[in-house]
C-alpha cells in the first residue's frame, strides 16, 4: 500500500518548506497531520542552515480547519478534539516563536484552525481565490489553536468578533485591507510571488530579521520601558555583526 506523508518537509537554499499534504480533505487537520507539523517546525527551528520557513499546502485549498470526520469517527469526540487542538496550538506557537521569519502561501480556503495557521505566520501571500473565515459558529464550536489571541492582534477586536460571531468570510483583498494578508496575487502567480518574497528576505541578515520578529512579538507583553531596553540590547548586538558592518560601509560608499 502506498502511504503518503501528511506533511512534506524539505530544505532548499536556506528555506525550509513545510507543506500540508492532505489535499483530498482540503488539508483538514487530523492528529497525524498536526503532530507531523510540530515535528517539521521543530526541525526547521533547530536547523541553523535554515533562515526562513515557508508554509504551503497541496491542492486547491490551504486548510479547511479541523477534520470533522476524524472528530466524529473517534469514540470520544471531546477527548480527540482536546488532543488535536493541543497539537495544532503547539504548532502555531512554534511558528509564532520561531527565531526566523515564517512566510505563509495561501490558496483557496483558510478556515478555523487553518486561519490560525495563517495568523501565526509573519508574512502572508494569498492568491485572489483565497478566502479567510473563522467557521466555528456554523458547527457550534469555539475558537482554538491560538485564534482568539492572534485574530484581534491582526484585525482589531471588533472585526475579530465580526468574523467569529457572524462567520464573516473575507476575500483575499479584504484580508489584505484588514491586516491578515501581506500581498495578493493572481492564482497562477502564487508560487512565483511567494518565492520572490522569500528571496527578498534571504537577502537580509538572518540575525536582524529574527530579532526584529522577536522584538515585535514580545512587545505585546512588555512595558514601554522593557521594550526599549530590549531594543537597545538587540541593536547593539546587530551593529556588531559583519552583515551590519558591510551594509553600513556600502551605504556610505554610495
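In the working numbering, the protein residues as written are 363 to 616.
No residue lacks a Cβ here, since even glycine has one placed at the ideal position from N, Cα and C.
- Check the Cα spacing between residue 387 and each of 410, 408 and 419: the tightest is with 419.
- Measuring C-alpha to C-alpha distances from residue 481 to each of 450, 501 and 553 identifies 450 as the nearest.
- Apart from the 5 residues on each side of it in sequence, residue 540 sits with its Cβ closer than 7 Å to the Cβ of 517, 521 and 532 in its chain, given in chain order.
- Around the C-beta of residue 469, 16 or more other C-beta atoms lie within 10 Å, and the residue is accordingly described as buried.
- In this structure, residue 398 sits near residue 368, with a CB-CB distance shorter than 8 Å.
- In the three-state scheme derived from DSSP, where H, G and I count as helix and E and B as strand, residue 457 is classed as helix.
- Assigned with DSSP and collapsed to three states, residue 611 falls in helix.
- Linking residue 457 to residue 506 through their CA atoms gives a straight-line distance of about 15 Å.
- Between residue 546 and residue 488, the C-beta gap is smaller than 8 Å, which places the two residues in contact.
- Below 8 Å, enough C-beta pairs join the segment 556–571 and the segment 374–390 to call them touching: three or more.
- Here DSSP, grouped into helix, strand and coil, assigns residue 411 to coil.
- Straight through space, the alpha carbons of residue 543 and residue 537 are spaced by roughly 5 Å.
- Around the beta carbon of residue 426, 16 or more other beta carbons sit within 10 angstroms, so the residue counts as buried.
- Residue 423 sits buried, since 16 or more C-beta atoms from the chains shown fall within 10 Å of its C-beta.
- A distance below 8 Å separates the beta carbons of residue 496 and residue 509.
- Just so you know, the alpha carbons of residue 417 and residue 384 end up roughly 14 Å apart.
- Here residue 367 carries a coil assignment [DSSP, helix/strand/coil].
- CA-to-CA, the gap between residue 472 and residue 466 works out to about 11 Å.
- Beta bridge pairing from DSSP links residue 545 with 487.
- Per DSSP, reduced to three states, the secondary structure at residue 511 is helical.
- Assigned with DSSP and collapsed to three states, residue 382 falls in strand.
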